[in-house]
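Engineer: My questions will all concern the structure given below.
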Amino acid sequence: IDPSIDLVDEIKRLKKEKNAVILAHYYQESEIQDLADYIGDSLGLSQQAAKTDADVIVFAGVHFMAETAKILSPSKKVLLPDLKAGCSLSDSCPPHLFAKFKEQYPDHLVITYVNCTAELKALSDIVCTSSNAVQIVESLPRDQKIIFGPDKNLGDYVKKKTGRDLVLWNGACMVHEIFSQEKIERLRDENPGAKFIAHPECEEHILSQADYIGSTSGMLKFTIEDASQTYIVATESGILHQMQKASPDKKFIPAPPNNACACNDCPHMKLNTLEKLYNCLYYEQPEIMLPEDVIARAQKPIERMLEISA
Ligand code: 13P
Ligand code: SF4
Numbered sequence: 019i020d021p022s023i024d025l026v027d028e029i030k031r032l033k034k035e036k037n038a039v040i041l042a043h044y045y046q047e048s049e050i051q052d053l054a055d056y057i058g059d060s061l062g063l064s065q066q067a068a069k070t071d072a073d074v075i076v077f078a079g080v081h082f083m084a085e086t087a088k089i090l091s092p093s094k095k096v097l098l099p100d101l102k103a104g105c106s107l108s109d110s111c112p113p114h115l116f117a118k119f120k121e122q123y124p125d126h127l128v129i130t131y132v133n134c135t136a137e138l139k140a141l142s143d144i145v146c147t148s149s150n151a152v153q154i155v156e157s158l159p160r161d162q163k164i165i166f167g168p169d170k171n172l173g174d175y176v177k178k179k180t181g182r183d184l185v186l187w188n189g190a191c192m193v194h195e196i197f198s199q200e201k202i203e204r205l206r207d208e209n210p211g212a213k214f215i216a217h218p219e220c221e222e223h224i225l226s227q228a229d230y231i232g233s234t235s236g237m238l239k240f241t242i243e244d245a246s247q248t249y250i251v252a253t254e255s256g257i258l259h260q261m262q263k264a265s266p267d268k269k270f271i272p273a274p275p276n277n278a279c280a281c282n283d284c285p286h287m288k289l290n291t292l293e294k295l296y297n298c299l300y301y302e303q304p305e306i307m308l309p310e311d312v313i314a315r316a317q318k319p320i321e322r323m324l325e326i327s328a
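Quick note: the sequence shown uses full-length UniProt numbering, first residue 19, plus one each step.
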């Protein structure tokens with residue numbers, strides 16, 4: 019890249035020229051969030067991907083999110099700034115092993131959390147996100163037997179909220195399993211009046227301390243509507259950018275990890291950079307490609323989710 023060019027201006031120009039839209043997740047770098055046409059949680063992003071009239075979707079997020087956009091808008095060109103931007107949770111559930119697991123429960127319906135591969139979605143009956151998982155389970159008859167995967171923490175949370183007995187896959191997100199209960203308790207003592215808010219991908223012993231549990235959008239909304247001055251935030255640190263922007267006078271503290279070497283940054287999300295975003299718009303590469311039959315089979319469970327949460 020020519021060092022004299024202004025990447026922000028060039029990205030804006032290319033976006034117009036190519037009729038492209040930039041969809042960004044809250045865990046992206048602040049400078050990418052500031053350039054996006056839409057920033058949101060996984061549900062909001064998939065709703066935007068389904069309804070956009072742009073020719074090109076640049077997905078500033080991770081691979082499974084860009085795949086979901088491709089499944090919902092197969093005729094569009096879907097680009098991901100770095101194809102290596104994966105997801106530890108998605109990796110914790112290889113489709114061939116899940117297919118074997120599913121065979122053990124032939125009378126169960128399969129709900130998969132959107133953080134999984136297109137092949138896994140193709141093996142599912144309904145997809146869900148962290149903002150509608152409870153609603154989706156509750157939309158089903160009480161005696162419906164259900165397999166829920168890949169996130170065991172979200173699964174446990176849904177079990178608790180709905181009182182249903184779900185069969186869980188044992189997967190987890192590397193970012194949401196690092197928080198220290200002890201250090202959070204200490205922080206709360208040091209900041210009396212602070213609210214502790216957490217994402218349902220966190221472990222049960224962390225969630226049990228939370229004043230609010232929800233998706234990234236839910237957490238952001240809570241900090242806007244709630245009257246407290248300080249929040250301890252247990253999720254990826256990228257969301258703090260929007261929280262601080264929406265409430266400049268409030269204080270946001272990332273929840274502390276249990277190990278000094280760990281941090282609340284998702285290494286996959288943070289692979290995307292402004293330079294890669296520019297290159298991807300310029301060269302229209304890397305592009306997300308999926309076999310037609312996978313698109314067709316994965317579309318149904320995602321559309322079922324969008325109908326239930328409409
Ligand atoms: P949401 O933004 O849907 O809450 O998802 C969080 C997440 O971990 C995405 O990778
Ligand atoms: Fe996956 Fe966790 Fe990163 Fe989200 S934060 S993309 S669930 S590894």
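Note that CB positions come from ideal geometry on N, CA and C, so glycine has one too.
Here the structure is a predicted model, which means the values were calculated and not measured.
Which of helix, strand or coil does DSSP assign to L127?
Structural biologist: Three-state result, L127: strand.
Engineer: Have a look at D311, K318, P304, E321 and flag the residue whose alpha-carbon is nearest the alpha-carbon of K102.
Structural biologist: For the residues D311, K318, P304, E321, the minimum Cα distance to K102 belongs to P304.
Engineer: Taking C-alpha atoms, which residue in N188, V128, C146, C284 lies nearest to Y44?
Structural biologist: C284
Engineer: Classify Y300: buried if its beta carbon has 16 or more other beta carbons within 10 angstroms, exposed otherwise.
Structural biologist: Classification of Y300: exposed, given that the 10 Å Cβ count is below 16.
Engineer: Which class does H259 belong to by DSSP, given the choice of helix, strand or coil?
Structural biologist: helix
Engineer: Is S64 near the ligand 13P, in the sense that its beta carbon is under 7 Å from a heavy atom of that ligand?
Structural biologist: Every heavy atom of the ligand 13P is 7 Å or more from the Cβ of S64, so no.
Engineer: What do you reckon, is the C-beta of C105 under 7 Å from a heavy atom of the ligand 13P?
Structural biologist: yes
Engineer: Tell me whether Y175 counts as near the ligand SF4, meaning its Cβ is closer than 7 Å to at least one heavy atom of that ligand.
Structural biologist: no
Engineer: Specify the secondary structure class of Y44 as computed by DSSP and reduced to three states.
Structural biologist: coil
Engineer: Can you tell me which of L53, E47, A87, E203 puts its alpha carbon nearest to the alpha carbon of G62?
Structural biologist: The alpha carbon of G62 has as its nearest neighbour, out of L53, E47, A87, E203, the alpha carbon of A87.
Engineer: Which residues bound the beta strand (DSSP E) around V96?
Structural biologist: 95-97
Engineer: Closer than 5 Å from C-beta to any heavy atom of the ligand 13P: which residues, in chain order?
Structural biologist: The set, ordered by position in the chain, is D59, S60, T147, S148, S233, T234.
Engineer: In this structure, how does DSSP classify C146 when only helix, strand and coil are distinguished?
Structural biologist: The answer is strand: DSSP assigns C146 an E or B state.
Engineer: Provide the residue span of the alpha helix (DSSP H) that contains V152, from first to last.
Structural biologist: Unbroken alpha helix (DSSP H) run through V152: 151-156.
Engineer: Taking the beta carbon of N276 as the centre, do at least 16 other beta carbons fall within 10 Å, making it buried, or is it exposed?
Structural biologist: exposed
Engineer: What do you reckon, is the C-beta of M237 under 7 Å from a heavy atom of the ligand SF4?
Structural biologist: no
Engineer: What are the boundary residues of the alpha helix (DSSP H) that includes H117?
Structural biologist: For clarity, residue 117 is Ala in the given sequence; the question names His instead. Its alpha helix (DSSP H) spans residues 113-121.
Engineer: Is the separation between the beta-carbon of A38 and that of A68 shorter than 8 Å?
Structural biologist: no
Engineer: With a CB to CB cut of under 7 Å and the five nearest residues on each side skipped, what residues in its chain are close to I154?
Structural biologist: I129, I144, C146, M323, I326
Engineer: Closer than 8 Å is the cut-off here; do at least three beta carbon pairs connect the segment 235-246 with the segment 162-172?
Structural biologist: With the cut-off at 8 Å, the segment 235-246 and the segment 162-172 do not touch.
Engineer: Figure out for me which residue from K201, I320, R315, D59 has the closest Cα to the Cα of A278.
Structural biologist: K201
Engineer: G167 lies in the alpha helix (DSSP H); which residues open and close that run?
Structural biologist: Here G167 belongs to no alpha helix (DSSP H); instead the beta strand (DSSP E) covers 164-167.
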